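Trainee:
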Amino acid sequence: MARKVTARRVWVSTAAAWLFGFLIFLPILWMVLTSFKTELEAFAMPPTFLFFHWTTENYATVQGRSDYLHHALNSIMVAGGSTLIALLIAIPAAWSMAFAPTKRTKDVLLWMLSTKMMPPVGVLVPIYLIYRDFGLLDTRAGLVLILCLGNLPIVIWMLFTYFKEIPKDILEAARMDGATIGRELIYVLTPMAVPGLASTLLLNFILAWNEAFWTLNLSTLDAAPLTVFIASYSSPEGLFWAKLSAASTLAIAPIIILGWFTQRQLVRGLTFGAVK
Amino acid sequence: MGQITLQRVRKSFGPVSIIKDANLDIEDGSFVVFVGPSGCGKTTLLRLIAGLEDVTGGQILIDGRNVVDVPPAKRGLSMVFQSYALYPHMSVRGNIAFGLKMAGLPRPEIHRKVEAAAATLNLTPYLDRKPRELSGGQRQRVAIGRAIVREPKAFLFDEPLSNLDAALRVQMRLEVTKLQKQLGTTAVYVTHDQVEAMTMADKIVVLNAGSIEQYGSPIELYERPANLFVAGFIGSPKMNFVSGAAAGEPGVATLGVRPEHLKIGKEGEGWPGTVSVAEHLGSDTFLYVDAGKLGMLTARCIGEFSLKAGDRVWLVPDPARLHRFDKDGEVIRR
Numbered sequence: 018m019a020r021k022v023t024a025r026r027v028w029v030s031t032a033a034a035w036l037f038g039f040l041i042f043l044p045i046l047w048m049v050l051t052s053f054k055t056e057l058e059a060f061a062m063p064p065t066f067l068f069f070h071w072t073t074e075n076y077a078t079v080q081g082r083s084d085y086l087h088h089a090l091n092s093i094m095v096a097g098g099s100t101l102i103a104l105l106i107a108i109p110a111a112w113s114m115a116f117a118p119t120k121r122t123k124d125v126l127l128w129m130l131s132t133k134m135m136p137p138v139g140v141l142v143p144i145y146l147i148y149r150d151f152g153l154l155d156t157r158a159g160l161v162l163i164l165c166l167g168n169l170p171i172v173i174w175m176l177f178t179y180f181k182e183i184p185k186d187i188l189e190a191a192r193m194d195g196a197t198i199g200r201e202l203i204y205v206l207t208p209m210a211v212p213g214l215a216s217t218l219l220l221n222f223i224l225a226w227n228e229a230f231w232t233l234n235l236s237t238l239d240a241a242p243l244t245v246f247i248a249s250y251s252s253p254e255g256l257f258w259a260k261l262s263a264a265s266t267l268a269i270a271p272i273i274i275l276g277w278f279t280q281r282q283l284v285r286g287l288t289f290g291a292v293k
Numbered sequence: 004m005g006q007i008t009l010q011r012v013r014k015s016f017g018p019v020s021i022i023k024d025a026n027l028d029i030e031d032g033s034f035v036v037f038v039g040p041s042g043c044g045k046t047t048l049l050r051l052i053a054g055l056e057d058v059t060g061g062q063i064l065i066d067g068r069n070v071v072d073v074p075p076a077k078r079g080l081s082m083v084f085q086s087y088a089l090y091p092h093m094s095v096r097g098n099i100a101f102g103l104k105m106a107g108l109p110r111p112e113i114h115r116k117v118e119a120a121a122a123t124l125n126l127t128p129y130l131d132r133k134p135r136e137l138s139g140g141q142r143q144r145v146a147i148g149r150a151i152v153r154e155p156k157a158f159l160f161d162e163p164l165s166n167l168d169a170a171l172r173v174q175m176r177l178e179v180t181k182l183q184k185q186l187g188t189t190a191v192y193v194t195h196d197q198v199e200a201m202t203m204a205d206k207i208v209v210l211n212a213g214s215i216e217q218y219g220s221p222i223e224l225y226e227r228p229a230n231l232f233v234a235g236f237i238g239s240p241k242m243n244f245v246s247g248a249a250a251g252e253p254g255v256a257t258l259g260v261r262p263e264h265l266k267i268g269k270e271g272e273g274w275p276g277t278v279s280v281a282e283h284l285g286s287d288t289f290l291y292v293d294a295g296k297l298g299m300l301t302a303r304c305i306g307e308f309s310l311k312a313g314d315r316v317w318l319v320p321d322p323a324r325l326h327r328f329d330k331d332g333e334v335i336r337r
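Quick note, the sequences are listed as chains A and B, same order. Note that my numbering has the first sequence beginning at 18, numbered continuously upward. Note that my numbering has the second sequence beginning at 4, numbered continuously upward.
(1) Cβ of A:L219 versus every heavy atom of the ligand FMN: is any distance shorter than 8 angstroms?
(2) Residues of chain A with CB under 7 angstroms from B:P91, in chain order?
(3) Please determine if the segment 182 to 197 of chain A and the segment 237 to 251 of chain A are in contact, where contact requires at least 3 C-beta pairs separated by less than 8 angstroms.
(4) Name, please, each residue of chain A whose Cβ falls closer than 9 angstroms to the Cβ of B:M105.
(5) For B:A53, go through chain A and note every residue whose CB falls closer than 7 angstroms to its CB, in chain order.
(6) Can the beta-carbon of B:P228 be found less than 9 angstroms from the beta-carbon of B:M242?
(7) Hey, B:Q143 and B:L167 are a contact pair by Cβ (cut 8 angstroms); roughly how many whole angstroms apart?
(8) By a C-beta neighbour count over all protein chains shown, 10 Å radius and 16 as the cutoff for buried, is A:W277 buried or exposed?
(9) For B:H283, which residues does DSSP report across the bridge?
(10) For A:P184, decide whether its Cβ has a neighbour in chain B, counting only Cβ atoms nearer than 9 angstroms.
(11) Quick one: Cα of B:P40 to Cα of B:E154, how far?
(12) Could you check the C-alpha separation between A:A291 and A:G139 for me, to the nearest Å?
(13) Would you say B:A76 faces chain A, with C-beta separation under 9 angstroms as the test?
(14) Of the residues B:A170, B:F232, B:A157, which one's Cα is nearest the Cα of B:D31?
(15) Where do the N-terminal and C-terminal ends of the beta strand (DSSP E) with B:R317 fall, by residue?
(16) Just checking: is the beta-carbon of A:I108 within a distance shorter than 9 angstroms of some beta-carbon in chain B?
(17) For a contact meaning CB atoms closer than 8 angstroms, what does B:A88 contact in chain A?
(18) My guess is that B:I215 and B:L224 are in contact by the Cβ rule of under 8 angstroms, so how many angstroms apart are they, rounded?
(19) Out of B:R135, B:L265, B:F308, which has the shortest C-alpha to C-alpha gap to B:P3?
(20) Taking the alpha-carbon positions, what's the A:L90 to A:L238 distance?
(21) Near A:Y204, which residues of its chain fall below 8 angstroms by C-beta distance, leaving aside the five closest residues on each side in sequence?
(22) Pick out whichever of B:Y129, B:V12, B:H326 has its Cα sitting closest to the Cα of B:I52.
(23) What alpha helix (DSSP H) runs, 4 residues minimum, are completely inside the segment 199 to 253 of chain B?
(24) Determine which residues of the segment 192 to 205 of chain B have a Cβ less than 8 angstroms from any Cβ of chain A, and write them out in chain order.
(25) Who are B:R327's beta bridge partners in DSSP?
(26) Which chain A residues are close to B:F101, counting only those with a beta carbon under 9 angstroms from its beta carbon?
(27) When you compare the CB positions of B:V83 and B:A121, do they come within less than 9 angstroms of one another, or not?
(28) Would the beta-carbon of A:L267 fall within 9 angstroms of that of A:Y76?
(29) When you compare the CB of B:R135 with every CB in chain A, is at least one pair closer than 9 angstroms?
(30) Compare the C-beta of B:L37 against all C-beta atoms of chain A and say whether one is closer than 9 angstroms.
(31) With 16 other CB atoms within 10 Å as the buried threshold, where does B:R50 fall?
(32) Which same chain residues, not among the five before or five after B:G102, have their C-beta less than 6 angstroms away from its C-beta?
(33) B:M299 versus chain A: which residues are under 7 angstroms apart at the beta carbon?
(34) If you draw a straight line from the alpha carbon of B:G235 to that of B:K330, how long is it in whole angstroms?
(35) Is it buried or exposed for B:I63, if we count other Cβ within 10 angstroms and need 16 for buried?
(36) Is any beta-carbon of chain A found at less than 9 angstroms from that of B:R149?
Here it is as structure tokens:
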């Protein structure tokens, strides 16, 4: 029997959903609002909500004091570079595990995932020393490498699950039709896995964009992405909430816009294969 | 040309032997059907010929050349899969053309060949559609189109009709047979449906537990089954088996008689029994008879008989149509 949906129930659940959504959105909204306040108003008690003196001077100060574009460019290059390299490694890896599994494939997958269970701080010192000795500290290449390696297990796992959904028959048909492994990947597998590839790419890009632990510890200026840019506004003596908020708003704006335009793709990718 | 010869072909997955010493000669232009119960190795044998699985031992010759180390595409065969295995992101045209594109044919030639194949299969109006916009029968035709366009030495069919409904299956069965005769290309066809096997094949290979039990024309298998397995597998309803001793034939372990070769005799004639179920189909009547120590017997009588459960009957086997088997299940030739 179908559950009876009364108008009351619809109203209540809609209100609850909006409330929940608003609660999640509130910190971001607050941050954006604060970025338009003066430093004095930013920590005024009781806080002002909409009726304060709107100003854009924080943005001007932030841009004047530190080079936003430099950090944004670093973020794009580090997140984009690590994502692309991770995909290039993960596609063949996931292909072989999905279509040519061996007895140990499951173990390999689990082992890869287990590396994500270790807290990164546990290997900070050795990695820092290795980076210092190889001259990778504060270089974009160094950040690309660490973020790529850090996210690789997740990328491989995601691609593996998408590839698993592709019927083996179709790849065999391609092989009968004379496609080499390379052409099979290019003409058949990759186009069929586009939704999965796209969401993996986006998710990994967002993860790399927001990654703060390694970027903060391994870069200072030249290669420093937006995470470092934000952190530079949280000073030990007295907080500059308005400027910090302006810096944060600037830092998350690109990724929010990207996420907004690709939300359909993201949701589809994350629920891929859940229902046939 | 498309002559396929299997010489002592073996296949095992680890310790499990799937195909045991298969020897087979498939003549050029013939339609050969592999039939057998599920798990008998018929699909594996087909995949070995295709090159999608590697043989553990033995040779596969196509037109006299050993191809066991040749990759699938270079064997000159094309395959139609049970699931159709169409490329979902390509149009019908793209699907049919894919093999030619991979072979590096010039565009005008690909275009001409695709148009020709589509015309043969009545697919011309659908060339620019995606597979998901087609019905099951149309998808099946696209899969066949993809196979014929490459002008292979032989077609390999892996239960291609099993996803279609009954009416369409009969129609496609005719179309496939007609097409194969028209093209004159060798075809190897796997099915578990013995009606498909009997109606389509020039020759049938009956497989059981990885071994070829018998290879012959449909009528040969029906009239002269080589052993108990083939006798029981080919023909519907199934052949009756009674013990030789109980039927008064010493030296014969098992006596087989097909339901259609049992007649209803006069009182006191042949084997007495009691009807337990009578199925009246109009054209035929199936009688399931409890014949005491002979066990349950099935008789197929042409026309309508007013017999019902509980009636006493006497069944007379056609003496010329009796099949005698020894204790190993092999037929005894006289």
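C-beta: ideal position from N, C-alpha, C; glycine also. Predicted model, so just to flag it, every value in this text is computed and none were measured.
Mentor: Based on what the coordinates show:
(1) As far as ligands go, the structure on display features none, and thus does not contain the ligand FMN.
(2) Result: M209.
(3) With a cut-off of 8 angstroms, the segment 237 to 251 of chain A and the segment 182 to 197 of chain A do not count as touching, because too few Cβ pairs lie within range.
(4) Those within 9 angstroms of B:M105 in chain A are A191, D194, G195, A196, T197, R200, Y204.
(5) Annotation: Cβ neighbours of B:A53 in chain A (cutoff 7 angstroms, chain order): M193.
(6) It is a contact, given that the beta carbons lie within the stated cut-off.
(7) A Cβ-Cβ separation of about 7 angstroms places B:Q143 in contact with B:L167 under the 8 angstroms criterion.
(8) By the 10 Å Cβ count, A:W277 comes out exposed.
(9) BP columns for B:H283 point to B:T288.
(10) A:P184 counts as touching chain B.
(11) Approximately 31 angstroms, taken between the alpha carbons.
(12) Unreliable positioning characterises A:A291 in this predicted model, as indicated by a pLDDT of 42, which lies under 50. The coordinate reading is nonetheless provided below. Answer to the nearest angstrom: the Cα atoms are 35 angstroms apart.
(13) At least one CB atom of chain A sits nearer than 9 angstroms to the CB of B:A76.
(14) If we check each option's Cα against that of B:D31, B:A157 comes out closest.
(15) What sits at residue 317 of chain B in the sequence shown is Trp, not Arg. Bounds of the beta strand (DSSP E) holding B:W317 are 315 to 320.
(16) Between A:I108 and chain B, the shortest Cβ-Cβ separation is not below 9 angstroms.
(17) Within chain A, the residues near B:A88 are P184, D186, I187, E189, A190.
(18) The beta carbons of B:I215 and B:L224 sit about 12 angstroms from each other, so the pair does not count as a contact at 8 angstroms.
(19) This structure cannot speak to residue 3 of chain B, because chain B is shown only from 4 to 337.
(20) Taking the straight line joining both Cα atoms gives about 12 angstroms.
(21) Cβ neighbours of A:Y204 beyond the five flanking positions: A191, A196.
(22) The option with the nearest alpha carbon to B:I52 is B:V12.
(23) With a minimum length of 4 residues, the unbroken runs of alpha helix (DSSP H) contained wholly in the segment 199 to 253 of chain B fall at 221 to 226, 231 to 236.
(24) From the segment 192 to 205 of chain B, no residue has a Cβ closer than 8 angstroms to chain A.
(25) In the DSSP assignment, the residues bridged to B:R327 are B:L258.
(26) Those are A190, A191, D194, G195, A196, Y204, V205, listed as they occur along chain A.
(27) No; because the gap between Cβ atoms is not below 9 angstroms, this pair is not in contact.
(28) Cβ distance < 9 angstroms, so A:L267 and A:Y76 count as in contact.
(29) For B:R135, no Cβ of chain A is located within less than 9 angstroms of the residue's own Cβ.
(30) First, the amino acid is wrong: residue 37 of chain B is Phe here, not Leu. With a threshold of 9 angstroms between beta carbons, B:F37 makes no contact with chain A.
(31) Under this definition B:R50 is a buried residue.
(32) Correct list, in chain order: R153.
(33) The premise fails here: B:M299 is roughly 42 angstroms from chain A at the closest Cβ pair, so nothing lies under 7 angstroms.
(34) So the two alpha carbons sit approximately 16 angstroms from each other.
(35) Under this definition B:I63 is a buried residue.
(36) Chain A contact via Cβ: present.
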